[in-house]
Each structure stands twice: as structure tokens, then as C-alpha cells.
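J.:
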Ligand code: NI
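Residue numbers (our numbering): 771 to 1161.
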């Protein structure tokens, strides 16, 4: 059941919410450098009388203990910005930090979570259980959630809920389907070693450029020919460094890339195939291969009951039409580090509006949000916590 008082509060805090987001937007801080943002969050919580502790080196875990016993639900909002130059120079709240920008909307997440905390705090006596607020650093480098978890972020937590503002969805729509939402995101590095020599005498050498080129072409068939077409996967080679000079046969080649998918078995398969291809291609030419495969974030898979609860809330609070199905993205989100330990779900809140020019891609220098999405996000956070604890 929707809490009407929470709804009213958040409507009343509309202007404050916008102002909070604009302040955060104008003062972006990169991953692990969110010191002023952390201080700002702490001051805001101090003024509300909400207990919190700081995490190291940045980040905040706040807690509201309800007046009645019950479960514990965690709400997560990330806080970090990107090294992107903001191109919205005419905005009154344009980034004041050169080369840094809230180009993913994490400024909005922090502001929405603060206002959700304010509204929930007013209903504290009626609250059956505990709400924990995770103001997370360093999402963009996929390290913040892990660090928060290590510092006890989800210890004793029964359910976790997160939000991302989404410019590719219209304002007013919210997506939280059961199942996959974000892909796992891994990094790999392959180093081929051949034998260098004079560019005029390749027969005396093992050309690492040929080995690497052959690998780049062959490895494409891992996805196209060894994985069920019903199971989405991406294998991208983004970097290839080979050779030193036009008339020298390259001794070494280094290739870097990323692997994205939703299914853990597909992930294991791609990793083993990468090694297999690298070693066998190298062997064909008499070279050697060294493969480093670094697992990044897991896939974000929304747990069924939690996602159904979120959808029910969206229908009740914002109307049937607000429920949207956004297809899973091959992008990564370290919210999965919480979901690995605790059931929960992650919702996308639409902020795209062509009239306000807010449909730019996330991470683009012209990215901006339709601020009408802010109250939607703040209320969704608060109502999710309220409903989870009251169900
Ligand atoms: Ni983001």
C-alpha cells in the first residue's frame, strides 16, 4: 500500500530536490574522490538527525530505525562523476570542474536518495523495520559496491533496491522487469610473443602482427559460432598494440578487450574459448600467448518477488502507463555486488524528453536529465522501502 504522507512530502520537496541535484551537478567528483560529496551528504543527514557512518575512503551508510520491529531494506544511490567535459555550457548549474561531469546522472541518484531519507524519516515511528541508505562511491570503476560490501553495507540486510536515471526512456516511465537488466562486464588482455627481426627477412622471424591479426579475426567466431543465438554475448577488442617501426618485424603484440553477457555459463565458456583460441593461434605460428582474464561486475539479475513488488508500486504510485519494459543492456552496473548477497532489484527511471533535449546518451558531454524524473525516483526509493517493510 502506498504511503500517502510520503507522496505529499516528496511533492513538497520538489524544489529542494532540484536544488540538491543542481548543486551536486555543478561540483562533480571522480570515482574515489567524492570527498565533498560525502561531506555534503553527511551534513544533510546531520540536519535531519539521521544516524550514519562514513565508509573508507569515501561513501556513507545511513540508517533509519523504525518505531516497530521488522526487516531491513537497503536503498542504494551512487555518487561519482566522469572525466567528461560538460558541453552544456549555458546551464546555470554547469560543471565547475574542468574535464569532470555528472554525465551519468549519479548526481540525481544522490539527491533523490537524500530526499527519500528525509521523507521516510518523517514516518519513522510508523516504520516496521529498518531502512539503510547506501551512498556509494566509485560505481564508474566498478569498485565502489565491492568496497561498501566489505565494510558491511549489506550485513543484516534482507532486500536491496537501486535506481538508475535513464535518458533512453521517456520521463514518467519506470522499468524493473524480472530477470536480466545489466550484463556482466569483464576485461581481457592477450600478449603474443613472437620473434622480431629485419622487416626484409620475415622468414627468420615469428611475426607477432600476423599472430595478433589472425587472433582478432578468428576469435569473432566464439560468439557467432559457439554460443546459442538466444544467449546474448559481446566480445569486443578495443585495443591492439603491435610493432615499433615500419621495417621491423614485431616481436610482441598486446590485445585488450571486453566480454559482456548475462549467463554465467556463457561467461565461463567465453573465457575458456579466449584462452583456447589465443594459445592455438599462437602455436600455429610458433609464437606463445599469455591470457589475462579479469572478471569485472556480475550481471544484474532482478529477483522475481522484488521486481514484482517494484512494478506493483510503480502502477499504484504513477499509474498503469508508467510501467515500461526496457530491454536488458550490455552495459555493466556494480549493483550486482549487492545482489550477489541479498535479493533485490534495480529500476530504471526514464528521464528522456526531446522538448528538454535530455535524450543524449549517458557519458556524453551533452547528457542532462529531465528534472521531472527526480520526484519519481525519490518517491520510488521511499515507497519501495515502505512497501517492502510493510508487506
Ligand atoms: Ni551510471
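Ideal Cβ placement from N, Cα and C applies to all residues, glycine included.
Fair warning: this is a prediction, and the values are worked out from it, not measured in the lab.
So within the segment 856-904, which uninterrupted beta strand (DSSP E) runs reach at least 3 residues, ignoring any that extend past its ends?
T.: With a minimum length of 3 residues, no continuous beta strand (DSSP E) run stays inside the segment 856-904.
J.: Is it buried or exposed, residue 850, if we count other Cβ atoms within 10 angstroms and call 16 or more buried?
T.: With 16 or more other Cβ atoms within 10 Å, it is buried.
J.: So what's residue 916 in DSSP terms, helix, strand or just coil?
T.: The answer is helix: DSSP assigns residue 916 an H, G or I state.
J.: CB-CB under 6 angstroms to residue 1098, same chain, minus the five flanking residues each way: which ones, in chain order?
T.: 950 and 951.
J.: Between the C-alpha atoms of residue 1065 and residue 1110, what's the straight-line distance to the nearest angstrom?
T.: Rounded to whole angstroms, residue 1065 to residue 1110 spans 14 angstroms at the Cα level.
J.: Tell me whether residue 817 sits in a helix, a strand or coil according to DSSP, three-state version.
T.: Three-state result, residue 817: helix.
J.: Can you list, in chain order, the residues of its chain with a C-beta nearer than 7 angstroms to that of residue 858? Leave out the 5 residues immediately preceding and following it.
T.: Within the same chain, residue 858 has close Cβ partners 864, 1136 and 1138.
J.: My output table needs one value for residue 944: the three-state DSSP class, helix, strand or coil.
T.: Residue 944 falls in the strand class under three-state DSSP.
J.: Is the beta carbon of residue 874 within less than 7 angstroms of some heavy atom of the ligand NI?
T.: Result yes, Cβ under 7 angstroms from the ligand NI.
J.: Do residue 1119 and residue 936 have their C-beta atoms within less than 8 angstroms of each other?
T.: The answer is yes: Cβ separation under 8 angstroms.
J.: Drop a sphere of 10 angstroms on the beta-carbon of residue 877, count the other beta-carbons inside from all chains shown, and report buried for 16 or more, exposed for fewer.
T.: Per the 10 Å Cβ criterion, buried.
J.: Does the ligand NI have even one heavy atom less than 7 angstroms from the beta-carbon of residue 795?
T.: Flag unset: Cβ of residue 795 not near the ligand NI.
J.: Decide if residue 956 is buried, meaning its Cβ has at least 16 other Cβ atoms within 10 Å, or exposed.
T.: Residue 956 comes out buried.
J.: By the three-class DSSP mapping on this structure, what secondary structure does residue 1156 have?
T.: Three-state result, residue 1156: helix.
J.: Assuming the contact rule is C-beta atoms closer than 8 angstroms, residue 1008 and residue 1073 should be a hit. Round their C-beta distance to whole Å, please.
T.: About 32 angstroms separates the two Cβ atoms, so there is no contact after all.
J.: Can you pull the DSSP bridge partners for residue 1004?
T.: BP columns for residue 1004 point to 1030.
J.: So what does residue 1010 bridge to, in DSSP terms?
T.: BP columns for residue 1010 point to 1025.
J.: Along the alpha helix (DSSP H) that carries residue 835, what are the first and last residues, could you check?
T.: Run containing residue 835: none in the alpha helix (DSSP H); it sits in the beta strand (DSSP E), 830-835.
J.: Considering only C-alpha positions, which residue in the set 993, 1061, 1025 and 1006 is nearest to residue 1039?
T.: Nearest option by C-alpha distance: 993.
J.: Span of the alpha helix (DSSP H) holding residue 792?
T.: Counting along the chain, the alpha helix (DSSP H) containing residue 792 begins and ends at 784-796.
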